[in-house]
Every structure is written in structure tokens, then in C-alpha cells.
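Letter 197 of the sequence shown, counting from 1, is numbered 197 in my numbering, and no numbers are missing. The C-beta atom is built at its ideal place from N, Cα and C for all residues, glycine as well. Here the structure is a predicted model, which means the values were calculated and not measured. Contents: one structure, followed by commentary.
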Amino acid sequence: MTRSQIIKKTYELVEKMFSGLGPCHDFYHTKRVIKTAKYLAQKEGADMFIVEMAALLHDIGRIEEYKHKYQENNLNHADLSAKNARPILKNFNLDQKTIGNICHAIISHRFRNPTELARTIEAKVLRDADKLDSLGAIGIARAFIWLGEYRIGTIYVSKKEWSKFNIKNKDAKNDSLQREWAIKLSKIKDSIFTKSGKQLAIKRHKFMEKFLEDLEGEIKMNHVTK
């Protein structure tokens with residue numbers, strides 16, 4: 001089986017696996033990560049096959065995580081994804097080095113406390129591509145979709161309100177886009193590995209920052225009171 005055939009088979013398999021998953025981390029997210037990862041891989045000279053396979057499989061562990069509605073704090077979707085990816089990769093008779101490189105990229109793509117830090121260029125590309133999907137216009141849309149999944153009506157939570165919650169507490173009712181920006185999203189730009197990814201991150205960071213300023217201004221009616 002050629003590499004292109006393996007990618008095609010994996011694509012079909014993963015698309016079926018994601019059927020019914022919440023829209024924030026559905027197969028559309030995976031497809032966007034694939035597209036961005038391939039762009040970065042071309043710019044950075046990474047192995048395109050490893051990058052595309054890792055991107056396809058990077059979130060399959062979320063299927064199990066989603067069943068628990070993120071309430072089990074010990075679940076690590078990146079580790080679960082790599083664990084579930086191994087038998088899929090073995091079925092294609094890929095060599096152990098290739099499987100290891102794909103799984104390393106999957107394990108290390110997580111933002112918060114990854115089990116492994118990205119060492120290879122392929123792992124760095126995947127992590128950057130995944131994080132970029134949390135910024136900019138797409139990031140804003142996904143943040144509100146996530147809040148909607150958990151029936152959270154919070155559009156604005158002041159720092160005084162959200163800062164009293166333990167940031168390790170995954171209880172969705174404590175969340176808001178502003179809180180997520182403060183504890184994670186605003187930091188992504190400076191954590192990007194690749195030069196080409198950094199360029200995209202800076203642009204998306206500025207867009208999201210401006211949106212939050214406008215959102216707060218509208219809620220406080222600044223345009224009326226000034």
C-alpha cells in the first residue's frame with residue numbers, strides 16, 4: 001500500500017470515528033489542522049507523510065474524553081490518541097520508527113502539561129497547526145461553540161469573577177472566552193515553534209485581542225459613554 005493510499009484509508013476511518021462528536025473538536029477541526037500542518041510542513045521541510053498522519057489521528061482520543069464531558073481530569077486526549085493510533089498504524093505495516101515519530105507528534109501536541117515535549121520538526125509542526133486553530137476568527141468561533149456545547153451563556157466574565165476559580169478546575173460552568181484568553185489563548189503566540197507558524201499566530205493573536213476589546217467595549221457601552 002502506498003503512502004497516499006494509507007492516508008486515504010486513515011482519512012475515511014477517522015471521519016467515521018468522529019461522527020456525532022461535539023462541533024468544537026469534530027472532524028472539521030481535524031481537517032483544518034491537516035491543511036495548516038501541511039502548509040507549515042512544506043515551509044519548514046518536515047516529512048509530509050508523518051505530519052499528515054499525525055494530524056489525522058491527533059484528536060481521536062477526544063472521542064473517549066467527550067463521552068465523559070471532560071469531567072475526568074486524569075484523561076489526556078493526546079496520550080489516548082497515540083495509544084489508539086498505534087494499532088491503526090500497525091495494520092498498515094509501517095516500520096517502528098515511522099510509527100514512533102507519528103505517535104510522538106500526537107503525544108506532544110497538547111498545550112497543557114504534555115507527556116512529551118515536541119522534539120522533531122514534525123511534532124513541532126503538528127503542535128503549531130493545532131494551536132493556530134485556537135486563535136483568530138476560527139478560535140473565537142470555536143470558543144463560543146464550546147461554551148454552547150455545555151449550555152453556558154457566559155459572553156462576558158470580568159477578571160474579578162473568573163480569577164476566583166482554580167484554573168485546573170475543568171468544570172465548564174466556570175469558563176468564558178475571556179478566561180480562556182487569560183490562561184491559555186493569549187500565550188499561544190509565544191509558544192509557537194516554527195517561523196511560518198509564528199507569522200500566522202501573530203496575525204491571529206492581534207485579531208482575537210481586538211475582538212475581545214470590542215466585546216468588552218460593547219458590553220460596557222463605552223461607545224455611548226465616551
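Asked                                                                                                                                                                : Found
Residues in the same chain with beta-carbon distance under 8 angstroms from Asp190, minus the five sequence neighbours each way, listed in chain order, please.      : none
With burial defined as no fewer than 16 other Cβ atoms inside 10 Å of the residue's Cβ, what is the status of His117: buried or exposed?                             : A quick correction: the sequence has Leu, not His, at residue 117. Flag for Leu117 reads exposed.
Measuring only the C-alpha atoms, how far is Phe193 from Ala41?                                                                                                      : 12 angstroms
From Lys38 to Lys97, what does the alpha carbon distance come to, in whole angstroms?                                                                                : 21 angstroms
Given this structure, state the Cα-to-Cα distance separating Ser186 from Ala105, to the nearest angstrom.                                                            : 23 angstroms
Using a Cβ-Cβ cut-off of 8 angstroms (strictly less than) and excluding sequence neighbours within five positions of Ile7, which residues of its own chain qualify?  : Phe49, Glu52, Met53, Leu56
When the Cα of Arg127 is compared with those of Phe144, Lys16, Lys198, Ser4, which residue comes out closest?                                                        : Lys198
Ignore the nearest five residues each way along the sequence and tell me which others in Leu132's own chain have a CB closer than 7 angstroms to its CB.             : Thr36, Gly197, Leu200, Ala201, Arg204
How big is the Cα-Cα spacing for Met221 and Leu215?                                                                                                                  : 10 angstroms
In angstroms, rounded to a whole number, what distance separates the CA positions of Asp26 and Gly136?                                                               : 18 angstroms
Roughly how many whole angstroms lie between the Cα atoms of Glu218 and Glu180?                                                                                      : 19 angstroms
Roughly how many whole angstroms lie between the Cα atoms of Ile145 and Asn174?                                                                                      : 15 angstroms
Less than 7 angstroms between C-beta atoms, sequence neighbours within five positions excluded: which residues of the same chain meet that for Asp47?                : Glu122
Assign Lys124 to one of two classes, buried (16 or more other C-beta atoms within 10 Å of its C-beta) or exposed (fewer than that).                                  : buried
Excluding the 5 residues flanking Leu212 on each side, which residues of the same chain have their C-beta closer than 8 angstroms to its C-beta?                     : Leu177, Gln178, Trp181
Going by C-alpha to C-alpha distance, which of Gly139, Phe111, Leu89 sits closest to Pro23?                                                                          : Gly139
Determine the closest residue to Val33 out of Ser134, Ala129, Ala85, with distance taken between C-alpha atoms.                                                      : Ala129
Am I right that Asn76 and Thr115 are in contact with their C-beta atoms under 8 angstroms? What's the rounded C-beta distance?                                       : 7 angstroms
Report the rounded CA-to-CA distance for Ala82 versus Leu13, giving the unit in angstroms.                                                                           : 15 angstroms
Going by DSSP in three states, Arg179 sits in which element: helix, strand or coil?                                                                                  : helix
Buried or exposed: Gly61, going by 16 or more other Cβ atoms within 10 Å of its Cβ?                                                                                  : buried
Using a Cβ-Cβ cutoff of less than 6 angstroms, which residues in the same chain neighbour Arg110 once the five nearest sequence positions on both sides are dropped? : Ala78
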